[in-house]
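Here the structure comes first, spelled out in structure tokens, and everything after it is commentary.
2 protein chains.
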Amino acid sequence: MNTKDIFPKGQKAPAYFTGDAWVEMLITDVATYDLMSYNVTFAPGSRNYWHQHSQGQLLLCTSGEGYYQEKGKPAQLLKAGDVVEIKPKVIHWHGATAHSEFVHVGITPKASINQVTWLEPVNDEEYASNI
Amino acid sequence: MNTKDIFPKGQKAPAYFTGDAWVEMLITDVATYDLMSYNVTFAPGSRNYWHQHSQGQLLLCTSGEGYYQEKGKPAQLLKAGDVVEIKPKVIHWHGATAHSEFVHVGITPKASINQVTWLEPVNDEEYASNI
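Residue numbers (the working numbering), protein chains in the order written: chain A, 1 to 131; chain B, 1 to 131.
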């Protein structure tokens, strides 16, 4: 565990990621709060596929360096302390930079009606265009 | 700023706190996500008043040492990595230990209908009983 890690690293993310990533669920009682929150750790170079959330998603960046990119826009460099408000239905991906681990807390609002739609992987050419 | 701080310290909390505390709002678009999220920094010995949230609250502890106490129960010691799920209408307080700063991210679920009710301060005798 990196000395900067705050929350447990959790389990390997099973799908929709290129490279190694880990997910630890932080909130267990989704029914009461109608939200999900989780810690995501991306190994250097790893990222999730292009995807969208019908009700959006929130990222609270806690360590390392990563990227957030919306379809058709340049990627944004993310560091600890950055907050990303991903609007409903915006196609995007997030992940680590090529040479740094990246950790964020994610929040899925309106969990009971928030549908995620996974699309294609972020290919190496798309990823490399950010470096 | 403490080297462990991740998010900005923000502004002095205006009321319902004993001692110095600071609050930085992390999410601006409450209407879209129907939740609030904020970073709270407690100086050593500071704490909020007894209170309850009609829809509960979530705490993600990021640095230092603090307490969480529900009415009628012993206080729980909190450290970085601890997560507290506060159920709806449970009377509680949170704050720093006597000798450490304490920082947590707070999440207010169902913001559009989540009412907070502030009660009396945690007096020095109640606070000291945890040490």
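Built from N, CA and C at the ideal position, the CB exists for glycine as well.
Under DSSP, residue 22(B) forms a beta bridge with 12(B) and 41(B). The beta carbon of residue 112(B) sits no closer than 8 Å to any beta carbon of chain A.
Under the Cβ distance rule, residue 87(A) counts among the residues neighbouring chain B, one pair being separated by less than 8 Å. Here residue 48(A) is buried. Its C-beta has 16 or more other C-beta atoms within 10 Å. Among the residues facing chain A, residue 107(B) is included, as its CB has a counterpart in that chain under 8 Å away.
For the stretch 21-48 of chain B, the set of positions with a beta-carbon nearer than 8 Å to some beta-carbon of chain A reads 26, 27, 28, 29, 32, 33, 34, 35 and 37 in chain order.
Taking the Cβ atoms as the reference, residue 60(B) lies roughly 6 Å from residue 26(A), within the contact range of under 8 Å. With fewer than 16 neighbouring CB atoms inside 10 Å of its own CB, residue 113(A) falls in the exposed class.
When Cβ-Cβ separations below 8 Å define contact, residue 103(B) makes no contact with chain A. Less than 8 Å divides the Cβ of residue 99(A) from the Cβ of residue 44(A). Among the residues of the stretch 52-80 of chain A, those with a Cβ less than 7 Å away from any Cβ of chain B are 56, 58, 60, 62 and 80, in the order of the chain. Annotated as distal: residue 37(B) and residue 81(B), with beta-carbon spacing of 8 Å or more. Per the C-alpha coordinates, the member of 109(A), 103(A), 19(A) and 41(A) positioned closest to residue 30(B) is 109(A). Under the 10 Å beta carbon count, residue 115(A) is surrounded by fewer than 16 other beta carbons and is classified as exposed.
Against chain A, the beta carbon of residue 6(B) has neighbours under 9 Å at 6, 60, 61, 62, 63, 80 and 81, listed in chain order. It is roughly 20 Å from the alpha-carbon of residue 96(A) to the alpha-carbon of residue 53(A).
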